[in-house]
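Here's the structure, in structure tokens; my notes come after.
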Amino acid sequence: MSKKEYIFGSQDIELNRLGFQHRVWLQETIDLWKRAGISIGMKIFDIGCGPGFTTIDLAHLVGQNGSVVGLDKSKKFTDYLNSSVKVNKLSNIQVINESIHDFDTNEKDFDIIYLRWVLSWVDDVEEIIIKLSKYLRPGGKIVLQEYYNWHTLKLHPQNSKFNVIRQGAFESWFQTEGEVNIGQELPKLLSKHKYDILSLKPLSRIGRPGDMVWQWIMGFLKIYSEILIEMNLLTKNDLEEFKKELTNIESDQSSFLFAPQMIEIIATKK
């Protein structure tokens with residue numbers, strides 16, 4: 117997959133999914149920002165900002181004396197963010213439509229660089245960490261939310277068709293750039309490049325039929341299953357069989373989904 121492409125696409129259905137995903141993880145994200153010390157007047161770099169849901173929240177958090185730069189390679193997403201900036205009448209956001217691989221700036225005084233589910237999908241994580249370091253002021257922080265173990269994604273009671281979709285997703289990521297479980301490697305990489313690790317925290321959630329975590333995971337699988345079919349990693353028949361079984365699964369009060377485990381990292385530049 118090209119670095120110019122977003123792994124899950126940027127159609128309206130994906131934009132809406134990202135908006136819902138942001139709401140699912142909003143409380144954890146706000147708690148992370150608090151622990152990182154994000155406050156009024158700070159200068160934030162929101163990398164891989166997508167449609168800018170975090171960018172808008174960060175802009176409100178730092179206030180008019182602060183600023184946020186939102187960077188994303190999807191023009192559809194940055195156009196959406198620019199529209200949101202106008203609707204919210206925010207003057208402290210700069211939107212850049214560019215890949216982190218191509219982007220460069222002379223600014224070296226960011227207080228915080230924030231990335232959420234970005235490094236899992238690129239193949240040059242170490243180079244990006246080195247590159248981002250030059251944009252942070254001494255004592256500035258890199259704040260990350262990344263996947264730690266996608267294999268923790270499980271449906272209980274076990275369902276064979278769900279497992280086929282799950283396995284297809286894992287196989288697809290072997291064919292694309294990056295390491296989906298990059299969270300396992302990040303503390304070592306950050307330490308190697310002169311960051312002090314201030315905080316490591318696991319993120320684990322369980323979803324039950326009808327709740328937001330359940331809807332988030334099932335919504336993702338609905339979209340990504342179509343991609344898996346295009347990649348010949350899933351058959352239409354398997355998908356249709358799972359859809360038929362889903363009604364019974366969701367009516368079973370014992371059903372639950374264990375979400376992919378994630379990790380939050382706060383590290384400061386020496």
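The number in our numbering is simply the position in the sequence shown, starting from 1, with 116 added.
Beta carbons are placed, not taken as given, at the ideal position from N, Cα and C, and that holds for glycine.
All values derive from a computational prediction rather than experimental measurement.
Using CA atoms only, rank isn't needed, just tell me which of the options is closest to residue i.
i, options, result
"TYR230", "ASN265, ASP173 and GLU295", "ASP173"
"LEU187", "ARG324, ILE246 and GLY164", "GLY164"
"ILE313", "GLY335, LEU344, GLY255 and GLY284", "GLY255"
"ILE381", "LEU260, SER215, GLU346 and MET158", "LEU260"
"ILE129", "VAL241, GLN300 and TRP332", "TRP332"
"THR292", "VAL238, LYS308, SER249 and PHE193", "VAL238"
"LEU319", "GLN143, GLN127 and ARG133", "GLN143"
"ILE228", "LEU248, ILE212 and ILE258", "ILE258"
"GLY157", "GLN180, PHE136 and GLN137", "GLN180"
"MET378", "GLY335, ILE345, LEU302 and SER370", "LEU302"
"LYS216", "SER288, GLU243 and LEU373", "Sequence check: residue 216 is Ile here, not Lys. That would be GLU243, whose Cα lies nearest to the Cα of ILE216."
"HIS138", "GLY168, ASN222, ASN348 and GLN127", "GLY168"
"GLN369", "MET334, ASP327 and MET347", "ASP327"
"LEU316", "THR384, ILE154 and THR221", "THR384"
"ALA152", "VAL241, VAL178 and THR221", "VAL178"
"SER155", "ASP162, SER307 and ALA175", "ALA175"
"VAL211", "GLN300, ASP162, ARG253 and GLU346", "ASP162"
"VAL241", "THR221, GLN300 and LYS189", "GLN300"
"ARG253", "TYR311, LEU349 and SER307", "TYR311"
"PHE136", "GLY294, MET334 and SER183", "MET334"
Here's the rule: buried if 16 or more other CB atoms are within 10 angstroms of the residue's CB, otherwise exposed. What is residue i?
i, result
"LYS386", "exposed"
"GLY166", "buried"
"LEU148", "buried"
"PHE290", "exposed"
"THR106", "Only positions 117 to 386 of the chain appear in this structure, which leaves residue 106 out of reach."
"ILE146", "exposed"
"VAL185", "buried"
"ARG232", "buried"
"GLU262", "buried"
"ARG324", "exposed"
"MET117", "Bear in mind that the predicted position of MET117 carries a pLDDT of just 36, short of 50, making it unreliable; the figure below should be weighed with that in mind. By the 10 Å Cβ count, MET117 comes out exposed."
"SER207", "exposed"
"LYS120", "Note on LYS120: pLDDT 47, under 50, position unreliable in the model; the coordinate value appears next. With fewer than 16 other Cβ atoms within 10 Å, it is exposed."
"SER288", "buried"
"THR194", "buried"
"LYS205", "exposed"
"SER199", "exposed"
"SER341", "buried"
"SER183", "buried"
"LYS150", "exposed"
Would you kindly check if the distance between the Cβ of residue j and the Cβ of residue i is under 8 Å?
i, j, result
"ILE339", "ALA375", "no"
"VAL140", "VAL329", "yes"
"HIS309", "SER367", "no"
"ASN275", "ILE365", "yes"
"ASN213", "LYS247", "no"
"ARG133", "PHE358", "no"
"GLU361", "LYS277", "yes"
Pull up the CB-CB distance for residue i and residue j, whole angstroms please, since I reckon it's below 8 Å.
i, j, result
"LYS224", "TYR251", "6 Å"
"ILE245", "LEU305", "6 Å"
"ILE209", "VAL201", "5 Å"
"ILE160", "PHE219", "At roughly 15 Å, the Cβ-Cβ gap does not stay under 8 Å, so ILE160 and PHE219 are not in contact."
"LEU235", "ILE298", "5 Å"
"HIS272", "PHE372", "5 Å"
Between residue i and the ligand COA, is there a pair consisting of the residue's CB and a ligand heavy atom that are separated by less than 7 Å?
i, result
"GLY182", "Of ligands this structure carries none, so the ligand COA is not represented either."
With a cut-off of 8 Å, does the C-beta of residue i fall near any C-beta of chain B?
i, result
"LYS159", "This model lacks chain B altogether, as it is built from one protein chain only."
At least three beta-carbon pairs within less than 8 Å, the stretch 352-360 to the stretch 276-284: yes
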